[in-house]
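Here's the structure we're looking at; comments come further down.
Residue numbers (the numbering used here): 49 to 372.
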């Protein structure tokens with residue numbers, strides 16, 4: 049993101065230059081968090097989850113269409129892996145975006161909730177004067193200037209909404225309404241089920257719980273719930289990007305410069321390659337099964353520490369797959 053160079057504060061049409069300096073620093077921070085070039089910028093996080101969601105839903109629709117055609121099947125294990133991977137990536141992304149932040153500066157995160165809280169804590173700097181004039185724009189149009197279609201008038205109209213002020217009562221000291229940012233934060237509560245699920249079953253291993261509790265938690269993770277969460281995140285981020293910063297909305301599905309549906313009509317593996325896949329599978333199983341053998345020799349520098357001969361009470365080696 050390329051940000052234009054701002055004019056010297058002394059040339060800006062504001063009454064308190066020191067307050068404008070503070071506002072500029074805050075605005076620069078907010079802009080970098082939401083629209084910056086860093087890979088963890090909020091805008092980039094949102095773009096990724098929206099793109100992944102669109103791809104998954106397209107593949108899910110392909111699965112639904114295939115189910116209507118007799119004789120067409122997908123590999124169930126591959127589909128299960130796809131489902132789990134999508135859910136895991138989405139719940140963790142929503143968890144990151146709604147992290148409230150930490151008191152320890154070393155553990156601070158870039159999240160949408162933290163950004164909104166930072167804006168709220170500096171709400172006294174969000175005045176109409178700073179909103180309009182931070183970049184050198186005069187607060188009032190010059191004599192004879194038609195202002196109805198200018199950026200300044202559009203910003204004034206936007207700030208009328210943010211401050212609850214009418215056009216006739218505009219003032220330099222108008223401020224963003226006290227409860228508006230908190231309402232935006234509250235709208236993100238729709239993500240709480242995903243945060244709970246991520247904390248219990250993805251990011252951490254929760255204490256054992258009855259299977260019915262796990263089923264109840266998983267029943268909350270639906271595509272419709274993802275829809276609600278994505279909508280809330282996009283609207284909250286766009287509130288910051290387009291309303292507070294007057295830059296741009298966020299959350300549009302990217303337009304790929306290539307055919308992103310290419311090769312979906314082709315099989316993943318040809319029948320002639322099935323033998324090679326089976327050989328690969330058996331080789332992988334043999335490698336992994338061997339990891340539990342001879343383990344003490346890695347930890348204990350003593351002769352005779354191998355368990356190859358004495359560990360007969362364990363599972364032992366599995367029978368060949370052909371006999372299962």
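Using N, Cα and C, we set each Cβ at its ideal position, and we do this for glycine too.
Beta-carbon separation (whole angstroms), residue i vs residue j, contact threshold 8 angstroms
{"i": "residue 221", "j": "residue 175", "result": "6 angstroms"}
{"i": "residue 100", "j": "residue 134", "result": "7 angstroms"}
{"i": "residue 58", "j": "residue 65", "result": "6 angstroms"}
{"i": "residue 142", "j": "residue 287", "result": "Not quite, the Cβ-Cβ distance comes to about 17 angstroms (not below 8 angstroms), so this is no contact."}
{"i": "residue 310", "j": "residue 79", "result": "The pair is not a contact, with the Cβ atoms about 36 angstroms apart (cut-off 8 angstroms)."}
{"i": "residue 272", "j": "residue 206", "result": "Actually they are not in contact, since the Cβ atoms of residue 272 and residue 206 sit about 32 angstroms apart, beyond 8 angstroms."}
{"i": "residue 223", "j": "residue 214", "result": "With a Cβ gap of about 15 angstroms, residue 223 and residue 214 do not count as contacting."}
{"i": "residue 94", "j": "residue 81", "result": "That belief does not hold up - the Cβ atoms of residue 94 and residue 81 are roughly 12 angstroms apart, past 8 angstroms."}
{"i": "residue 139", "j": "residue 246", "result": "4 angstroms"}
{"i": "residue 83", "j": "residue 72", "result": "With a Cβ gap of about 16 angstroms, residue 83 and residue 72 do not count as contacting."}
{"i": "residue 186", "j": "residue 61", "result": "5 angstroms"}
{"i": "residue 24", "j": "residue 312", "result": "The requested residue 24 is not part of the displayed model; the chain covers only 49 to 372."}
Residues sharing a beta bridge with residue i, DSSP
{"i": "residue 175", "result": "223"}
Span of the alpha helix (DSSP H), counted from its first residue to its last, around residue i
{"i": "residue 92", "result": "90 to 115"}
{"i": "residue 229", "result": "228 to 235"}
{"i": "residue 72", "result": "65 to 83"}
{"i": "residue 244", "result": "240 to 245"}
{"i": "residue 204", "result": "199 to 211"}
{"i": "residue 344", "result": "344 to 347"}
Residue i at chain C interface by Cβ criterion, 8 angstroms
{"i": "residue 96", "result": "Although the question refers to chain C, the structure presented lacks it and comprises just one protein chain."}
Near the ligand MN: residue i beta-carbon under 7 angstroms from a heavy atom
{"i": "residue 88", "result": "Annotation note on the ligand MN: not contained in the displayed structure, which lists no ligands."}
- Item | Within the region 119 to 162, ranges of the beta strand (DSSP E) (whole runs, at least 3 residues) | none
- Task: Could you name each continuous alpha helix (DSSP H) segment of 4 residues or more that falls completely within the region 271 to 329, going from the start of the chain to the end?
- Result: 271 to 286
- Query: Is the region 158 to 173 touching the region 143 to 150, taking contact as three or more C-beta pairs under 8 angstroms?
  - Reply: yes
- Message: For the structure I just gave you, are there three or more beta carbon pairs, one from the region 276 to 283 and one from the region 224 to 242, closer than 8 angstroms?
- Response: yes
- Message: Check whether the region 170 to 188 and the region 89 to 106 are in contact - that is, three or more C-beta pairs closer than 8 angstroms.
- Response: no
- Query: Can you find at least 3 beta carbon pairs, one from the region 117 to 135 and one from the region 321 to 339, that sit closer than 8 angstroms?
  - Reply: Taking one beta carbon from each stretch, the region 117 to 135 and the region 321 to 339 have fewer than 3 pairs nearer than 8 angstroms; the two do not touch.
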